[in-house]
Each structure stands twice: as structure tokens, then as C-alpha cells.
Amino acid sequence: MSTHARITASVYTSHVPAIGVAMDQGRTQDPYWQPLFAGYESSRRWMDANRPDAIVLVYNDHANAFSLDMIPTFALGTAERYEPADEGWGPRAVPPVLGHGELAAHIAQSVIQQDFDLTLINRMTVDHGLTVPLSLMFGPQEPAAPSWPVPVIPLAVNVVQYPVPSGRRCLQLGQAIRRAVESFDTPLNVQVWGTGGMSHQLQGPRAGLINREWDQAFMDRLIADPRGLSEMPHLDYVREAGSEGIELVMWLIARGAMADLDGGGAPRVAHRFYHVPASNTAVGHLILENPDHATA
Ligand code: DHB
Ligand code: FE
629 MSTHARITAS VYTSHVPAIG VAMDQGRTQD PYWQPLFAGY ESSRRWMDAN
679 RPDAIVLVYN DHANAFSLDM IPTFALGTAE RYEPADEGWG PRAVPPVLGH
729 GELAAHIAQS VIQQDFDLTL INRMTVDHGL TVPLSLMFGP QEPAAPSWPV
779 PVIPLAVNVV QYPVPSGRRC LQLGQAIRRA VESFDTPLNV QVWGTGGMSH
829 QLQGPRAGLI NREWDQAFMD RLIADPRGLS EMPHLDYVRE AGSEGIELVM
879 WLIARGAMAD LDGGGAPRVA HRFYHVPASN TAVGHLILEN PDHATA
């Protein structure tokens, strides 16, 4: 029995805002949405069986909590509580996100001392980038519930305004988060989630761009060749996966936190799903378990 916290699994998923709207309006069984939500049914069962004590949720804000006034590259949430953002139609009717102050403070200390100059956030709202992945994995919540089922430590990454961080830096940050979590002297089960993507472009002449082959190859390489994938330049993401496809660099942070990047065994693919379309994007989803933690 470990006396320290451990990263047991990583979860990857798109965050399309219309998914949240479909759930909030009870339209998940509409013909358009049914195949998308079917791809997350086993994920919710997996989450019931593998419920962690805390989630480090890597996501991007879409000019809701942040703006062009200040652009942190990597911002760690150290607050006790985050309310859903008002993205123009009022805040989503979902519970507040409760943080994990002690683990977040430890991650901040450890990761900054490993030479990553994080921004620390003690007050912010969280937009669809964070709440839609929670909805997909935990299912509908009573809006009046005091919180989501699991405490969440948000890690907001700038992928909205260039310059954005490199894939290599994202992978390294994941490795640093792993060292931070595993040096926390409480035996917590921690998951790291990487969210956003897959291929999509929301504006300009290429609006609506979807690249299925590239998306599938990205997931193949994320599983089997994360170091090689982390060397891929930004231009490749934007050319092949559209301007918003760059959100996918965030998946490399969660991948970097897995055991095999730290001398451990390869992860087990507990679930893989891909679906087109959801709004303007392709939806990709993976669950990877660390080998000493596989449930099957
Ligand atoms: C859409 C997708 C996104 O990732 C986002 O942040 C906003 C909108 C879309 O497909 O509409
Ligand atoms: Fe987005």
C-alpha cells in the first residue's frame, strides 16, 4: 500500500460546448447526438469503478476567465471553488467545481521548483473547456448539488493566443506533474485529464475542416509514441487539424504524466472512441490506465 499519491490513469476528450448544451437541454437521445453519447457510456461505468480522489484537469479557457489583458501560458488553479462561467447565455446549470487546495499547493510548490514558472490562480470561473469533459465523464448532475463528484485541480493552458506552448514543453510539464503528485505524502488516487480538440476550425475559408486520418494517427501516436509526437511543430497541427486543432497539444500534458515516461510500463488502453461530427468538430476520446493500476 503506497503512502503517497499516485497517478492511476489519464483521460482524454474533446470539449465541444454544444455537448454541454445537448445534455443541459435533455437532447442526448436525439438522432444527431445519440451516437456521440453512446461512445461515453462505458466511460461513465469506468469512472464509477475507478473514481479518483482528485483530477488534474488540463483544459483551455476561451476568453471567459482570461482575456487579451493577461495571457498565462500555464495557470494552475489553487482555489477551493470555481463557479461555471457565463459564456454569453448565462452560466451552465451545473454544480460548482470544488478544488483540492492541499494537493494543488503541493503541485505548485513541486512543479515551480522543477523550473516550470506556473501562474497560480486563486479566483476564476471555468468555461465549457472544463465543464463539458466533466459532464461527459460523470453524466448529468443535479444543478443544486454542492459539487461535482470529485475535486478538480484546473490547469489552464493558453492555446488561444499565439505564442502557445510547444508539444515538447507540454509533455515535460506532464512529467513534472507526475513527480509532484507522486511526492505528495497522502495516498490519493489521482487522474490527469487532457482535453480539447480534435480537428476543427471555427472560422475563415477552412471553417468546418475535419481530418479523420490525421486525428486517428494522433491518437495512435499519443498511445505508442508520445515522445515522437511531442516534437510535432504547431504548423502541422494547424495545417492538418485546423486552427483550433492546436488544442490537442494539451493531451500531451496528461500523456507526460503516465508511468512509461518515467521508466514504467506502457499504459493499457481502457477505451478509445472517435466520432464525427459534433457541432463543428471531430470528437476523440481515450482512457489510458497505468499498468500497475489496470482494472482488467
Ligand atoms: C466549438 C468547438 C470548440 O472546441 C470550442 O471551444 C468552441 C466551439 C464548436 O465546434 O462549435
Ligand atoms: Fe475549444
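Reminder that position 115 of the sequence shown reads as 743 in the numbering used here, one-by-one numbering, no gaps.
Idealized CB from N, CA, C, for every residue including glycine.
- Relative to the Cα of Glu711, the nearest Cα in the group Ala772, Arg679 and Ile699 belongs to Ala772.
- Under the DSSP assignment, Gln800 falls in the alpha helix (DSSP H) whose first and last residues are Gly795 to Glu810.
- If only complete runs of 4 or more residues are kept, the segment 718-751 shows the alpha helix (DSSP H) at 729-741, in order along the chain.
- Rounded to whole angstroms, the separation of the alpha carbons of Gly891 and Pro719 is 43 Å.
- Non-local C-beta neighbours of Gly856 in its own chain, meaning closer than 8 Å and more than five positions away in sequence, comprise Arg849, ordered along the chain.
- Between the ligand DHB and Val644, a heavy atom-to-CB distance of less than 7 Å is present.
- A check of alpha carbon separations from Gly716 across Thr636, Asn692, Glu730 and Gln789 identifies Asn692 as the nearest.
- Not one heavy atom of the ligand FE falls within 7 Å of the beta-carbon of Asn692.
- Between Ala882 and Trp821, the CB-CB gap stays under 8 Å.
- Every alpha helix (DSSP H) stretch that sits fully inside the segment 665-724 and reaches 4 residues is listed by chain position as 669-677.
- Secondary structure at Thr759: helix, using DSSP grouped into helix, strand and coil.
- The beta-bridge partner set that DSSP reports for Asn817 consists of Arg634.
- Not one heavy atom of the ligand FE lies closer than 7 Å to the C-beta of Glu715.
- Contact between Cys798 and Ser871 does not hold, since their C-beta atoms are separated by about 18 Å, which reaches or exceeds 8 Å.
- In the three-state DSSP reduction, Arg834 falls in the coil class, being neither helix nor strand.
- Distance check between Trp879 and each of Ser630, Pro723 and Val785 places Val785 closest, using alpha-carbon atoms only.
- Non-local C-beta neighbours of Arg796 in its own chain, meaning closer than 7 Å and more than five positions away in sequence, comprise Ser858 and Glu859, ordered along the chain.
- According to DSSP, Leu876 shares a beta bridge with no other residue.
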